[in-house]
Every structure is written in structure tokens, then in C-alpha cells.
Amino acid sequence: MVETNGMDKAKPNQAKALHAAGGDSHTVMLDNVKVLIWHDGEAWFAHGLEIDYFAQGATFKEMKIHFEEGLSRTIVEHVKDYKTIEGVLKPAPTMYWDKFHQESFKGNLGGTLRGHVFFKSAKPANGTPNVTDVTIVEYIYPISYLCSEKLMAQAVDSCTSVPAGAGAK
Amino acid sequence: MNGCSDAELPTRAFLIRVLRAKHITVVEQDQGYWKIDAGSGEMKVLHLPEHPSKTMLQAFAHKYDIPIDHFYHPERAEKAASTKSKPPAEQSAPKEDP
Numbered sequence: 001m002v003e004t005n006g007m008d009k010a011k012p013n014q015a016k017a018l019h020a021a022g023g024d025s026h027t028v029m030l031d032n033v034k035v036l037i038w039h040d041g042e043a044w045f046a047h048g049l050e051i052d053y054f055a056q057g058a059t060f061k062e063m064k065i066h067f068e069e070g071l072s073r074t075i076v077e078h079v080k081d082y083k084t085i086e087g088v089l090k091p092a093p094t095m096y097w098d099k100f101h102q103e104s105f106k107g108n109l110g111g112t113l114r115g116h117v118f119f120k121s122a123k124p125a126n127g128t129p130n131v132t133d134v135t136i137v138e139y140i141y142p143i144s145y146l147c148s149e150k151l152m153a154q155a156v157d158s159c160t161s162v163p164a165g166a167g168a169k
Numbered sequence: 170m171n172g173c174s175d176a177e178l179p180t181r182a183f184l185i186r187v188l189r190a191k192h193i194t195v196v197e198q199d200q201g202y203w204k205i206d207a208g209s210g211e212m213k214v215l216h217l218p219e220h221p222s223k224t225m226l227q228a229f230a231h232k233y234d235i236p237i238d239h240f241y242h243p244e245r246a247e248k249a250a251s252t253k254s255k256p257p258a259e260q261s262a263p264k265e266d267p
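Dropping the structure here:
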């Protein structure tokens, strides 16, 4: 079974979602999901626009982990409970889209997310499916793409995994 | 935002209390992740920090249509919820269609 939620006809820069299932194994792919990323003075915050998913972290790295892990869990729960990822694909309120476009225009933080989630959902004869083997293959924030140097410096300070020179334009 | 100082920012427990007062199901998974289910296919697993930032509270307010001041005064949320959940005979509002 392959579910594309109509996004298979999306333009190159539009978000795409794919859910493929064979037996107990599922693969969910998200591509080109816009993510608004900023530091609000208290914490790092990310808001996925096409999926209305958000996460906070004391550091950039922590926020990224919370976003990836939480989104993966959300996808798994949707497949487990509803057998579809349709409920994941709800757009964020307009104010976040406006902020994304404003910040992108000014060269501040923004990015896109590409992620694959593989997992098995084995349904026992007597009840709730068990989910096993959840594997996040990759999430990519091309943070060098839209980051301002100032905010990028903050991100580098709080995230040791950001490659050197990632803030260069 | 509402004149509250940082010291008055609500905790995760406050946030969960407000969500539950709105009849949103909040169930802990593990490692700080909570499954938040508002029904009708609208469900998310979110990491809820011990001290949600103002930005996160704002995101919850938008997402679940909750006045932002309810996060700072949970009794308002609970009052609103208890008014809603009273049997129709006890409410002053007109009875809804069956």
C-alpha cells in the first residue's frame, strides 16, 4: 500500500509525504517540510508548517532531538491508531507561515526537513498493535541555507554537531 | 504578552491541567514525551519540558484554541470547562440540538 495524500503531484519545492506499507512494515517519508526555527530569548523553538508540529529545547541540538523524536512518535501513533498519516498533515496557523516568509526574506532562521521513518507495526490477534524497530533514517535541516550569521553563531554555540562553516552563505 | 513575569510562567503540570480541562487527552509515554489527543484524528506526541516557554504556550493556545491567560490562571480554564460540562438544565445557555 502506498499513500501519498495527493502530495505526489506537488511541485519540486512543495512538501511531500509518502506512506508505504507492506505486511507489518511501514515506511513514512516527509520531504520539503518547511520548518520555522528561532530563539525566543528563553529557548530554541521549531515549528513545522505543513504538519503543525512544534518542539522546544534549551539548546539547538536538544530542540532538534525533541522535534525529530516527537514527530517520529506522532507518525507511528497515527499509523498505529488510524492506519494513515492523514492526521499528521495539518497546516500550522497563518501567523507561522507569515513569520517564516518574513524571516526567510530577512535571511533569518528557517529550513526544510527531510525524514524517513521505518517501523514495524505487528498486530497481535488479541488487541493493540505493537510497534517495534522504529528507525529514523535521516532528518536534514539545511540550516546553512537561510540562517543569519548571528543566529547561526548561537546555534553553533549550542550544537556541537553543526558542521564547521555551516553558516557561510 | 500578558504582564506575567518569568517567575510566574506555568509548569508542565499546569499546562497538562489546562489541556485536560479542555477535555484533551494527555498521556505520558516516556522520556518526557506525551501523547496529546484532541479527538477527531488530531493527535501529537510532543516533548513537554518542565518549564514550557512562552512561545510553546502560545503554540498550544493557537493549536487547541485556548485563551493564553488560561495557562497562567488554570482555575479559569477549569471554570470554563465545568460550565461547559454541566448538564443542560444547570446551564443558562440555550439547550443544544440533540
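Line by line, the protein sequences are chains C and X.
So in this note's numbering, spot 111 of the first sequence is number 111, and the numbers just go up one at a time.
With the second sequence counted from 1, adding 169 to any position gets you this note's numbering.
We treat Cβ as the ideally placed atom computed from N, Cα and C, and that holds for glycine.
All values derive from a computational prediction rather than experimental measurement.
Under three-state DSSP, which class holds residue i?
| i | result |
| --- | --- |
| Lys16/C | strand |
| Gly22/C | strand |
| His216/X | strand |
| Ala164/C | Caution is warranted here: a pLDDT of 33 is assigned to Ala164/C, below 50, making its placement in the model unreliable, and the coordinate value is therefore given only provisionally. In this structure, Ala164/C counts as coil in the three-state DSSP scheme. |
| Leu178/X | coil |
| Ser148/C | Here the model assigns Ser148/C a pLDDT of 43, short of 50, so the residue's position is not dependable, and the following value carries that caveat. If DSSP states are grouped into helix, strand and coil, Ser148/C belongs with coil. |
Buried or exposed: residue i, going by 16 or more other Cβ atoms within 10 Å of its Cβ?
| i | result |
| --- | --- |
| Glu69/C | buried |
| Gln56/C | buried |
| Thr94/C | exposed |
| Tyr82/C | exposed |
| Ser209/X | exposed |
| Glu219/X | exposed |
| Pro91/C | exposed |
| Thr194/X | exposed |
| Asp199/X | exposed |
| Val196/X | exposed |
| Gly48/C | buried |
| Ser25/C | exposed |
Please report the Cβ distance between residue i and residue j, rounded to the nearest whole angstrom; I am assuming they are in contact, meaning their Cβ atoms lie under 8 Å.
| i | j | result |
| --- | --- | --- |
| Tyr233/X | Lys191/X | 6 Å |
| Glu86/C | Val214/X | Incorrect: roughly 16 Å between the Cβ atoms, too far for contact. |
| Ala230/X | Pro236/X | 7 Å |
| Ala46/C | Leu36/C | 7 Å |
| Phe54/C | Met212/X | So it is not a contact: roughly 14 Å between Cβ atoms. |
| Leu217/X | Arg181/X | 5 Å |
| Val33/C | Ile51/C | 6 Å |
| Ile65/C | Val28/C | Not a contact, Cβ separation roughly 19 Å. |
| Ala15/C | Asp31/C | 7 Å |
Under the DSSP definition of a beta bridge, which residues are partnered with residue i?
| i | result |
| --- | --- |
| Glu197/X | Trp203/X |
| Val187/X | Val187/X is not bridged to any residue. |
Could you tell me whether any Cβ in chain B is nearer than 7 Å to the Cβ of residue i?
| i | result |
| --- | --- |
| Asp31/C | You won't find chain B in this structure, because its protein chains are C and X. |
Tell me whether residue i counts as near the ligand NAD, meaning its Cβ is closer than 6 Å to at least one heavy atom of that ligand.
| i | result |
| --- | --- |
| Thr74/C | By its list of ligands, the structure shown contains no ligand whatsoever, and the ligand NAD lies outside what it can speak to. |
I'd like the ranges of any alpha helix (DSSP H) spanning at least 4 consecutive residues and lying wholly in the segment 35 to 114 of chain C. 60 to 82 and 94 to 106
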